[in-house]
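Report on one structure; see the data block that follows.
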Amino acid sequence: MWKYIFFGLIIWLGIYVFKQKRAQSNTPKTNDTPEAADKVEDMVQCATCAVHLPRSEAFLVGGTFYCSKAHVQSK
Ligand SMILES: [Zn+2]
Numbered sequence: 625m626w627k628y629i630f631f632g633l634i635i636w637l638g639i640y641v642f643k644q645k646r647a648q649s650n651t652p653k654t655n656d657t658p659e660a661a662d663k664v665e666d667m668v669q670c671a672t673c674a675v676h677l678p679r680s681e682a683f684l685v686g687g688t689f690y691c692s693k694a695h696v697q698s699k
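Structural data, given as structure tokens:
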């Protein structure tokens with residue numbers, strides 16, 4: 625029982641330290657928030673294999689997204 629609590633604490637600590645490090649590395653350039661928001665891209669799903677991929681990498685054919693040309697042809 626206690627080892628699970630101990631493991632939970634270790635994992636929580638790891639995530640906490642990771643977030644702290646990220647927060648620190650982001651601090652010097654605080655005015656890049658709009659740019660960062662632009663980088664969050666819409667994810668679309670391939671109609672053939674159901675894999676998720678960024679919209680910019682997807683093939684849009686007839687209003688349907690595909691992950692590759694091969695899957696466009698196999699529709
Ligand atoms: Zn696919």
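Heads up: take any position in the sequence shown, counting from 1, add 624, and you land on the numbering used here. For every residue, glycine included, the Cβ atom is placed at its ideal position computed from N, Cα and C. These numbers come from a predicted model, not from an experiment.
Other residues of its chain near residue i: CB distance less than 7 angstroms, five sequence neighbours each side excluded
i      : result
His695 : Cys670, Thr672 and Cys673
8 angstroms Cβ shell around residue i - same chain, five flanking residues per side excluded
i      : result
Gln697 : none
Ala666 : The question names Ala, but residue 666 is Asp in the sequence shown. Closer than 8 angstroms at the Cβ level, and outside the excluded window around Asp666, lie Pro678 and Arg679.
Euclidean distance between Cα positions of residue i and residue j
i      : j      : result
Lys645 : Ile629 : 24 angstroms
Lys627 : Ile634 : 10 angstroms
Leu684 : Val664 : 19 angstroms
Gly686 : Val675 : 18 angstroms
8 angstroms contact criterion, which residue i and residue j should meet: CB distance rounded
i      : j      : result
Val668 : Phe642 : Actually they are not in contact, since the Cβ atoms of Val668 and Phe642 sit about 29 angstroms apart, beyond 8 angstroms.
Close beta carbons around residue i, own chain, < 6 angstroms, minus the five adjacent residues each side
i      : result
Ala701 : An answer regarding residue 701 cannot be provided, because it is not within the stretch 625 to 699 covered by the chain.
So which residues touch the region around ligand 1, with touch meaning a C-beta under 5 angstroms from any heavy atom? That gives Cys670, Thr672, Cys673, Cys691 and His695.
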